[in-house]
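Chains as they are written, first to last, in the working numbering: chain R, 1 to 432; chain A, 1001 to 1432.
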């Protein structure tokens, strides 16, 4: 009787695993190119850590367990609480700025649907200790570098950028007090996800007052920073200027980093999570067919909440699932080959040891090689070698062996030649 | 208030993470060089999967949980049950031989001690569909390739090899019936872990009969295959010849693969797990100071147990913890550098955008580069660049900038020169 796998979690057979490795490799190379360093936390953390950051209601979305020793634990659903915990633990000893990345496995007990699985991998980039817009721009540009490494470009994806500090200043200026901002963000976060009139109704239900509501709805129509400048000038708003200049600098720095074509100011991006404090962003496919590829922003106050010292911080998370779906939709999934460069085929049982000797020497030289386990069966050996992307097949035995040589076939050119057994490996490694 | 991490699990700060990445990279390259393909399973499996393979008593060593949906799950403590499940699910569709590897995270709820943590990584190599000793030799040689990639050699480690089929035939021949073999293996598995006289007492308590016990103890004194040949000839034992020839072939093939210096026949290696059916092996540091680095063997009947078709199989598991300890004991831990090749320093606030432009272009060329976030502070910038292993520092601004150039310092040679801003990036990438 067969035992099934866990629902909404994936088995990675070699074809799927090569794709996951390729995505993680792109994330990793983009991170290292920008000087970010790898880190990781245990897959299990104390349940308290997640309650501290997100409140008790998070528990329903976690895989939780209690050990025989009475520890209440959860499988990590995200990396930020672990990051805050680890940085708090060594905050004074860690050199600044802190530039960390991970490509981390995590689990959430959610309703499964397209783009939302119960186990997934997430690329996290976090930059701590850099307060200004250069930090925000750096983090956004690395996200785009990772997506470019996956073959995506500015015709296919865009970064939608806003700022929580700008929004707070604007709301304040149009007469919405600070204690109502979270409610406004919660509604604004639904933009594009529900019909426009349902959204309007939700804003009205907030009972912000007639004039503030009218101004809010007008501000929310702005489609560019220039629009926003015109509208706020007409309303004679001013106190948001510092936050606006900061956001403009983020755009300016991203332009310098070569990412201008991706950028879009989007006043609807506020991010649901309470802890953001400055610029926020999400990356989408331009066709808007899928959920966000990536989301992040500045969270300057999180470390205090988690028991550390105040420290400026900005970061993002990018999941593997939506990214894979977008690459598939765009027919940009790579063809990833398996198999070794060299396939060594013993023609007779007595040549198995000789085939293994050649195989061992090739590996010793850092080359990939495998010997077929059984002597003979040339047809099968060539078929497998061709399918696996091998470059060279070496036939060990027969008349050639008696004459002190082996038959070598180059699968790309189709040419065959005999090479002397003496010095064979250096001849082979020089060739392919 | 700070929240602690989970007991006996490790936080990977960048220094520790670089080491883990390096070990996994060595495992991966040895696997790919031999034509093994990557795979992975979910971190959670149904609890039933582990009960099926190991019986109900395994549950005490697992992190288990029940979801709100009523699923009984466990965090994987090893990969073999997942491997058997995944291969069973697609057994007829998978091309043979199946050569799979993984470097997988897993958790066990065990008493913490040196070399035994509650979360660790394990390299698994599994080869299915190859029945003979060429398969066993291949798997053992890849384990050694992985350890060689970590810088270990035959003076520091050895493979201790035995065979469960040989042992079964020997026990049978000296008059110990098949149903007592598991008990004999359980005692034999304690060799070297408890005092010799305590071990003798345990054998006596098995009540195997006077003559069989005497013969068993004599056979167990054999320290080489030659010894074994002499002792069994004197006892006139014969029915173990096929299993012996098979084991001799494993040694012969490993010799061909260049691994002779590591090999040691060790009649005390039986492996505790019930499912082994042929050659078995463990790798140890020669000083025998640590637990086994690696253990594995042939398990031809496991797939049937797990709901699949019968299929020859051989594999091993190698953990990261003991390996790291051995490398540390031998002072062979590598020095792994962080940081980018290029550090770009804006000398004035107005040059930040120019510094970012150079940084972006270097990254676009596939080079690693970072700009310091703040203008000026040359001393700090150089100190950090030196510590992080940077190769080149580029100073953007000052008199040089006004003259259309930048000052470039090579940190290895200590030389400085001015390069024109025009064509700067191609000059820089040509240099370092």
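Just so you know, even glycine gets a beta-carbon here, dropped at the ideal spot from N, CA and C.
Through-space distance from residue j to residue i, alpha-carbon basis
i, j, result
"residue 1078 of chain A", "residue 1343 of chain A", "43 Å"
"residue 1384 of chain A", "residue 39 of chain R", "20 Å"
"residue 1141 of chain A", "residue 1323 of chain A", "17 Å"
"residue 160 of chain R", "residue 108 of chain R", "26 Å"
"residue 102 of chain R", "residue 267 of chain R", "29 Å"
"residue 1023 of chain A", "residue 1318 of chain A", "11 Å"
"residue 137 of chain R", "residue 275 of chain R", "19 Å"
"residue 92 of chain R", "residue 119 of chain R", "34 Å"
"residue 59 of chain R", "residue 86 of chain R", "21 Å"
"residue 6 of chain R", "residue 1007 of chain A", "27 Å"
"residue 18 of chain R", "residue 201 of chain R", "48 Å"
"residue 1314 of chain A", "residue 1250 of chain A", "12 Å"
"residue 1361 of chain A", "residue 257 of chain R", "7 Å"
"residue 1316 of chain A", "residue 1117 of chain A", "19 Å"
"residue 1207 of chain A", "residue 382 of chain R", "56 Å"
"residue 1190 of chain A", "residue 1298 of chain A", "20 Å"
"residue 1375 of chain A", "residue 218 of chain R", "39 Å"
"residue 1425 of chain A", "residue 1401 of chain A", "15 Å"
"residue 1262 of chain A", "residue 1282 of chain A", "11 Å"
"residue 1227 of chain A", "residue 1294 of chain A", "26 Å"
"residue 1340 of chain A", "residue 1372 of chain A", "12 Å"
"residue 41 of chain R", "residue 1113 of chain A", "20 Å"
"residue 1004 of chain A", "residue 1105 of chain A", "21 Å"
"residue 451 of chain R", "residue 192 of chain R", "Because residue 451 of chain R is not part of the residues shown, which for chain R are 1 to 432, the question remains open."
Residue environment, residue i, which counts as buried when at least 16 other CB atoms sit within 10 Å
i, result
"residue 1296 of chain A", "buried"
"residue 1122 of chain A", "buried"
"residue 194 of chain R", "exposed"
"residue 259 of chain R", "buried"
"residue 1349 of chain A", "exposed"
"residue 336 of chain R", "exposed"
"residue 1001 of chain A", "exposed"
"residue 209 of chain R", "exposed"
"residue 1404 of chain A", "exposed"
"residue 390 of chain R", "buried"
"residue 245 of chain R", "exposed"
"residue 1334 of chain A", "exposed"
"residue 1143 of chain A", "buried"
"residue 1377 of chain A", "exposed"
"residue 1034 of chain A", "buried"
"residue 90 of chain R", "exposed"
Closer than 7 Å at the beta carbon, the chain A residues around residue i
i, result
"residue 40 of chain R", "1012, 1017"
"residue 2 of chain R", "1088, 1089, 1307"
"residue 9 of chain R", "1042, 1044"
Closer than 7 Å at the beta carbon, the chain R residues around residue i
i, result
"residue 1021 of chain A", "38"
Proximal chain B residues relative to residue i, where beta-carbon distance stays under 7 Å
i, result
"residue 35 of chain R", "Here chain B cannot be found, since the structure's protein chains are R and A."
Neighbour list for residue i in chain A, Cβ cutoff strictly below 8 Å
i, result
"residue 52 of chain R", "1003"
"residue 63 of chain R", "1044, 1065, 1067, 1073"
"residue 119 of chain R", "1042, 1043, 1044"
"residue 100 of chain R", "1014"
Cβ-Cβ distance between residue i and residue j below 8 Å
i, j, result
"residue 1131 of chain A", "residue 1312 of chain A", "yes"
"residue 88 of chain R", "residue 308 of chain R", "yes"
"residue 1422 of chain A", "residue 1406 of chain A", "no"
"residue 1395 of chain A", "residue 1353 of chain A", "no"
"residue 128 of chain R", "residue 97 of chain R", "yes"
"residue 44 of chain R", "residue 1235 of chain A", "no"
"residue 1331 of chain A", "residue 1158 of chain A", "no"
Contact test: residue i Cβ vs the ligand ATP heavy atom, cutoff 7 Å
i, result
"residue 251 of chain R", "You won't find the ligand ATP in this model; it holds no ligand whatsoever."
Beta-carbon neighbours of residue i, restricted to chain R and to distances below 8 Å
i, result
"residue 1197 of chain A", "Those do not exist, as residue 1197 of chain A stays about 35 Å from chain R at its closest Cβ, beyond 8 Å."
"residue 1145 of chain A", "363"
"residue 1107 of chain A", "43, 44"
"residue 1049 of chain A", "3"
* Pair every Cβ in the region 167-180 of chain R with every Cβ in the region 239-247 of chain R, then say whether three or more of these pairs are closer than 8 Å. => Counting Cβ pairs under 8 Å, three or more are found: they touch.
* Asked: Is the region 74-91 of chain R close to the region 1362-1371 of chain A, with three or more CB pairs under 8 Å?
  -> Output reads no: the region 1362-1371 of chain A does not touch the region 74-91 of chain R.
* Would you call the region 174-194 of chain R and the region 55-73 of chain R touching, i.e. three or more CB-CB distances under 8 Å? -> No, the region 174-194 of chain R does not touch the region 55-73 of chain R.
* **the region 322-339 of chain R / the region 144-154 of chain R touching (three or more Cβ pairs under 8 Å)** => In this structure the region 322-339 of chain R lies against the region 144-154 of chain R, because at least three pairs of beta carbons, one per stretch, are closer than 8 Å.
* Asked: Are three or more beta carbon pairs between the region 1047-1060 of chain A and the region 19-30 of chain R nearer than 8 Å?
  -> Taking a cut-off of 8 Å on C-beta distances, the region 1047-1060 of chain A does not touch the region 19-30 of chain R, as fewer than three cross pairs fall below it.
* Three or more C-beta pairs below 8 Å linking the region 1298-1308 of chain A and the region 1276-1285 of chain A -> Result yes; three or more Cβ-Cβ pairs closer than 8 Å.
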